[in-house]
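Position one of the sequence shown corresponds to residue 1 (full-length UniProt numbering), numbered consecutively onward. Note that the Cβ used here is the ideal one computed from N, Cα and C, for glycine as well.
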Amino acid sequence: MKKILHIISSPKKANSASRVLGKKVAEKLKEKFQHVEIKEYDLNTIPHLSESHINAFFTSTENRTDV
């Protein structure tokens, strides 16, 4: 049996494009190769910047606050 390790490292939860893409790739591999074991390893147990911090990086200058 082949094994695939799906590492999730995005601090974004449901809004993460890489999470969605990774899950779709894993599902397609599982469909194509039935004898595949996929293990997910979520690195979010390691402290990351929060989703609000990440979103703040992309906030336009005129919408930023001091808080």
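- For residue 53, the enclosing alpha helix (DSSP H) starts and ends at 51-57.
- When the five nearest sequence neighbours on each side are left out, the beta carbons in the same chain lying within less than 8 Å of the beta carbon of residue 4 are those of 26, 29, 36, 37, 38 and 39, in order along the chain.
- For the beta strand (DSSP E) assignment, the uninterrupted runs of no fewer than 3 residues enclosed by the UniProt domain "Flavodoxin-like fold" (2-62) are, from N- to C-terminal side, 2-8 and 36-42.
- If you check the CB distance, residue 7 and residue 19 do not come in under 9 Å.
- Taking the Cα positions, residue 22 is about 14 Å away from residue 11.
- It is roughly 11 Å from the alpha-carbon of residue 55 to the alpha-carbon of residue 15.
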